[in-house]
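Colleague:
Residue numbers (the numbering used here): 220 to 641.
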C-alpha cells in the first residue's frame, strides 16, 4: 500500500477535526423532561461518547449514559503508558462535561435488557428507553485457553479501560528483572489488531534503554502481523529496530498455560516464560447474548447499525459483528452516525438507503507505534453498497516515521477533546 505524504496526512487530520467539530456545535444543556424521547446509551467509551455528544448537542432528547467507571481511559495510545513512557493520566479524562450538557449518568453495569418492555436493568434501577445504543466493548474468551481462568490475575490482558495498569506493572517487573516476556496475538477479529505488535516494540525499546537481559517472545496465531496491510512495515520495524530483543513466532496456536510452572503450550512447542501478556480471543459481552442480539458478536444491519433482531436498538463499537475495523476512531464515528440517525428518525426525516445504494461508512485512523518517536499510520475508508458486504480501502505508511508519531498524539488529543472536552 502507498504511504501518506505530509500534505495528505494533514488533510486527513484536518478532515477528521472538521467532522468532530461539526458534531459538537450547539451543545446546549438538555432538559431531563420526560416529555422528550428517551435514549439510553450503554458504555462510556469511544462509541458511546460519539452517540452521547451528538444526541446531547441537539437538546431534543433525554440522554442517559450507563457506565460503571467514574472516568474515561483511552485504550488507543495507552501503549505509551504500558511501556513506561508516559503517566496514566495522559490518557484519562473526566466525565464531568457531560453533566453540563444535561446527560444523566448512571454509575452501574447493565445486567439485563428487557426488549419487550423497552428498558435496561441495573442492580438498582430500571431505565426505560425509546431507543437504546449499545457500545459494550469486548470480553475475553477465557475458555479457549485451558489454565487461564485460574491465573487471570497473574496474566492480565489489558485490552479494556483501566486494565492497562496491571499490564504496566508486569512490564515494569520484567524490565527490572529480565527473562522471557511472552506476548500473544490471537486470530482476528479482536480489538485493535496492531496492539500486540505495538506492545512488543515499545517494550523492546525500553529493554534497549535499560539494558534488560532477556527477550520478548511474540507468539502470533497468524502468519503475519494483523491486519494484513500493515504486515510489511511492522515486520520491517521489528527487524530493523529490535532484532536482538524480539523473537517472532508465527502460526502458533495456544494450547494451555500453566502459570505456576510458567509454561505456555503451543502448536509450535512449549515456551518457558517469567512474564506474560497473553491476549486472548475476544467476543461481545454476555449482555448481547442475554438480549438475543447475537452470539460471538452482535448481529447488525449496515449502514444503519441497527440490531437485526430489534430496530429500536443500535450497536456500535467493538461488539458489533461486521468486517469494520474494531478501532476507537470507527467506534466514535459510528456513535456520531447513530446519534444523528436517531434524531432524524424522531423528526421523521430519516431516509432508509435502498438496495444498491452506495453509502460511506465511518472511517478509521489508527496508529501503530513502534517507538516513542516512530509510528505507522493506517487510514481505513469503508463503504457499502446496500445488500453487499462492506468494502475497506486501506492506506498505510510503507515504513515507520516520525511524522506519523507526531500525528498520532495530535489525533489522540483531538479525539479526547471531541469526546469529553468543553
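From the three backbone atoms N, C-alpha and C, an ideal C-beta is built for every residue, glycine too.
None of these values were measured; they are calculated from a predicted model.
Put residue 579 into one of helix, strand or coil per three-state DSSP.
Modeller: Along the chain shown, one-based indexing puts residue 579 at 360. Looking at residue 579 - three-state DSSP - the assignment turns out to be strand.
Colleague: What residue does the beta strand (DSSP E) around residue 551 start on, and which one ends it?
Modeller: Here residue 551 corresponds to residue number 332 of the chain shown, with the count starting at 1. Taken as a continuous stretch (DSSP letters only), residue 551 belongs to no beta strand (DSSP E), being part of the alpha helix (DSSP H) at 547–565.
Colleague: With DSSP as the reference, label residue 420 as helix, strand or coil.
Modeller: Counting from one through the chain shown, the residue named residue 420 turns up at place 201. Helix at residue 420.
Colleague: What residue range is occupied by the uninterrupted beta strand (DSSP E) comprising residue 475?
Modeller: Sequence index remark: in the chain shown, residue 475 carries index 256 (1-based). Taken as a continuous stretch (DSSP letters only), the beta strand (DSSP E) holding residue 475 covers 473–477.
Colleague: Please give me, in chain order, every unbroken run of the alpha helix (DSSP H) with length at least 4 that falls completely inside the segment 400–452.
Modeller: 414–429
Colleague: Can you tell me which of the three DSSP states residue 315 falls into?
Modeller: Walking along the chain shown from the start, residue 315 turns up at place 96. Three-state result, residue 315: helix.
Colleague: Mind the definition here: the segment 622–634 touches the segment 445–462 only if three or more C-beta pairs lie below 8 Å; say whether that holds.
Modeller: no
Colleague: Suppose the cutoff is 6 Å on Cβ atoms and the five residues either side in sequence are ignored; what does the same chain contact list for residue 496 look like?
Modeller: In the chain shown, counting from the first residue as 1, residue 496 sits at position 277. 386, 402, listed in sequence order.
Colleague: Can a CB atom of chain B be found closer than 9 Å to the CB of residue 288?
Modeller: The question asks about chain B, but that chain is absent: this structure has only one protein chain.
Colleague: If residue 422 and residue 490 are in contact, beta carbons under 8 Å, what's the gap, nearest whole angstrom?
Modeller: Taking the chain shown and counting its residues from 1, one reaches residue 422 at position 203. Taking the chain shown and counting its residues from 1, one reaches residue 490 at position 271. Contact flag wrong, Cβ pair sits at about 17 Å.
Colleague: If you run the structure through DSSP and keep just helix, strand and coil, what is residue 484?
Modeller: Taking the chain shown and counting its residues from 1, one reaches residue 484 at position 265. In this structure, residue 484 counts as strand in the three-state DSSP scheme.
Colleague: Going by beta-carbon coordinates alone, are residue 602 and residue 572 separated by less than 9 Å?
Modeller: Start at 1 with the first residue of the chain shown, and residue 602 comes out as number 383. Start at 1 with the first residue of the chain shown, and residue 572 comes out as number 353. Taking 9 Å as the Cβ cut-off, residue 602 and residue 572 do not qualify as a contacting pair.
Colleague: Tell me which residue opens and which closes the beta strand (DSSP E) that residue 323 is part of.
Modeller: Here residue 323 refers to the residue found at position 104 when the chain shown is read from its first residue. That run of the beta strand (DSSP E) goes 323–325.
Colleague: Could you give the C-beta distance for residue 360 and residue 501, rounded to a whole number, given that I count them as a contact under 8 Å?
Modeller: On the chain shown, residue 360 is found 141 positions in, with the first residue counted as 1. On the chain shown, residue 501 is found 282 positions in, with the first residue counted as 1. Confirmed, Cβ separation roughly 6 Å.
Colleague: Decide if the segment 305–322 is in contact with the segment 505–512; the criterion is three or more beta carbon pairs, one per stretch, under 8 Å apart.
Modeller: By the criterion of at least three beta-carbon pairs nearer than 8 Å, the segment 305–322 is not in contact with the segment 505–512.
Colleague: Excluding five sequence neighbours on each side, which residues of the same chain lie with their C-beta closer than 8 Å to the C-beta of residue 492?
Modeller: Here residue 492 refers to the residue found at position 273 of the chain shown. Here the set comprises 398, 399, 400, 401, 436, 481, 482, 483.
Colleague: Pick out whichever of 596, 283, 616 has its Cα sitting closest to the Cα of residue 323.
Modeller: Here residue 323 refers to the residue found at position 104 of the chain shown. With distances taken between Cα atoms, residue 323 lies closest to 283.
Colleague: Between the alpha carbons of residue 355 and residue 285, how many angstroms are there, rounded?
Modeller: Sequence index remark: in the chain shown, residue 355 carries index 136 (1-based). Sequence index remark: in the chain shown, residue 285 carries index 66 (1-based). For residue 355 and residue 285, the distance between alpha carbons rounds to 10 Å.
Colleague: For residue 639, does the three-state DSSP call read helix, strand or coil?
Modeller: Within the chain shown, residue 639 is the residue found at index 420, counting from 1. In this structure, residue 639 counts as helix in the three-state DSSP scheme.
Colleague: Rounding to the nearest angstrom, what Cα-Cα distance links residue 334 and residue 459 in this structure?
Modeller: In the chain shown, residue 334 corresponds to position 115, counting from 1. In the chain shown, residue 459 corresponds to position 240, counting from 1. In this model, residue 334 and residue 459 are separated by some 54 Å (Cα to Cα).
Colleague: Could you have a look at residue 376 and say whether DSSP puts it in helix, strand or coil?
Modeller: Indexing the chain shown from 1 puts residue 376 at position 157. Secondary structure of residue 376 (DSSP, three-state): coil.
Colleague: Are residue 528 and residue 353 close, meaning C-beta to C-beta below 9 Å?
Modeller: Translated into the one-based positions of the chain shown, residue 528 becomes position 309. Translated into the one-based positions of the chain shown, residue 353 becomes position 134. No, the Cβ-Cβ distance between residue 528 and residue 353 is not below 9 Å.
Colleague: Short of 6 Å in beta carbon distance, which residues of its chain neighbour residue 304, apart from the five on each side in sequence? Order them along the chain.
Modeller: The residue given as residue 304 occupies position 85 in the chain shown. Here the set comprises 591.
Colleague: What are the residues that DSSP puts in a beta bridge with residue 585?
Modeller: On the chain shown, position 366 is the one that residue 585 refers to. The partner list for residue 585 (beta bridge, DSSP) reads 597.
Colleague: Taking the beta carbon of residue 577 as the centre, do at least 16 other beta carbons fall within 10 Å, making it buried, or is it exposed?
Modeller: Taking the chain shown and counting its residues from 1, one reaches residue 577 at position 358. Exposed, by the Cβ-count rule.
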